[in-house]
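Enquirer: One structure is given below, represented as structure tokens, and several questions about it will come after.
There are 2 protein chains.
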Amino acid sequence: MNKRTQLEAAGWRVGDNADFLELSAEETAFVELKLALADYLREIRVQHAWTQAYVARVLGSSQSRVAKMEAADASVSIDLLLKSLLKLGASRKQVGQVIARVA
Amino acid sequence: MNKRTQLEAAGWRVGDNADFLELSAEETAFVELKLALADYLREIRVQHAWTQAYVARVLGSSQSRVAKMEAADASVSIDLLLKSLLKLGASRKQVGQVIARVA
DNA sequence: CGATGATATGTCAGTTTCGACATAAGGTCA
DNA sequence: TGACCTTATGTCGAAACTGACATATCATCG
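Residue numbers (the numbering used here), protein chains in the order written: chain A, 1313 to 1415; chain B, 1313 to 1415.
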């Protein structure tokens, strides 16, 4: 899944390239930051060979919401992503590094 | 303002030390992460000698909300803090470093 | 081809967060 | 002291987010 597909899935209107560039620098940075956290969440889950359903139980949430977290869905907040990452064992430092790492 | 006072202001029940320790490791990490972002927001504003009212205009928000952001008020999300920081010119990298820097 | 397990998508009611406003509290100057 | 500027706190209706559920899609077996 490429970045643009991810952005669209995340609920951002992305038409032609001109539309794509409509996002301001901060908006782009914010969305990509969110995508990075979502990817990291999936990475942690996959590396542990956990299912979304299992992660949902650990987090006190549902499988569908975990799927949406990993997809950086528009209905998912960064608060939720951060809380989830920390609860799954990620450290503040690791999270910060994921955020600081600019693609 | 010390960390505990900040936590209380942010809406976290903090009684004696035992109560203070009731927060799980992830909860503590999350709250401190939020406080770090709030402090960073204030730092940026003060360094530029901006008033909260001015920052509010730039962000398209209100002075009271900016005050609450800097206080890491419970009604302020990390999404809002991140969007605000980016809009004020902070880079993803800088934000990540603030988050990664563990007190 | 099913059947089974995993992941994705759509929706909803309850909760949280939002900007805005009013107003209180501090600080500084004359 | 009081006028003025800045920051803090409380509240509200509107908007966004949440967990949950149903259901769809996808992959991997036999």
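Each residue gets a CB set at the ideal place from its N, CA and C atoms; glycine is no exception.
1) Give the range of the alpha helix (DSSP H) segment to which A/G1372 is assigned.
2) Which residue from A/H1360, A/Q1359, A/S1336, A/S1396 puts its Cα closest to that of A/R1377?
3) Assuming A/A1348 and A/V1410 make a contact with CB atoms under 8 Å, what is their CB distance in whole Å?
4) Can you tell me which of A/V1414, A/L1392, A/A1415, A/E1382 puts its alpha carbon nearest to the alpha carbon of A/G1482?
5) With 8 Å set as the bound, which would you pick, yes or no: does the beta-carbon of A/K1395 sit closer than that to a beta-carbon of chain B?
6) Can you tell me where the alpha helix (DSSP H) holding A/A1412 begins and where it ends?
7) Using a Cβ cut-off of 7 Å, pull out every chain A residue sitting near B/D1391, in sequence order please.
8) Could you name the residues of the same chain whose beta carbon sits closer than 6 Å to that of B/Y1352, not counting the 5 residues immediately before and after it, in chain order?
Expert: So, from the data block:
1) The count along the first sequence starts at 1 and reaches residue 1372 of chain A at position 60. Bounds of any alpha helix (DSSP H) do not take in A/G1372, whose DSSP letter is neither H nor E.
2) For this step, residue 1377 of chain A is matched to residue 65 along the first sequence. That would be A/S1396, whose Cα lies nearest to the Cα of A/R1377.
3) Residue numbering aside, residue 1348 of chain A sits at position 36 when the first sequence is read from its first letter. Residue numbering aside, residue 1410 of chain A sits at position 98 when the first sequence is read from its first letter. Indeed, because the Cβ distance is near 5 Å, the residues count as touching under 8 Å.
4) Nothing about residue 1482 of chain A can be read from this structure; chain A reaches only from 1313 to 1415.
5) Mapped onto the first sequence, residue 1395 of chain A falls at position 83. Cβ-Cβ to chain B under 8 Å: yes for A/K1395.
6) Position 100 of the first sequence, counted from the first residue, corresponds to residue 1412 of chain A. It spans 1404-1412 - the alpha helix (DSSP H) in which A/A1412 sits, taken as one unbroken run.
7) Here the question's residue 1391 of chain B lines up with position 79 in the second sequence. Within chain A, the residues near B/D1391 are S1389, I1390, D1391.
8) Start at 1 with the first residue of the second sequence, and residue 1352 of chain B comes out as number 40. Same-chain partners within the cutoff: V1410.
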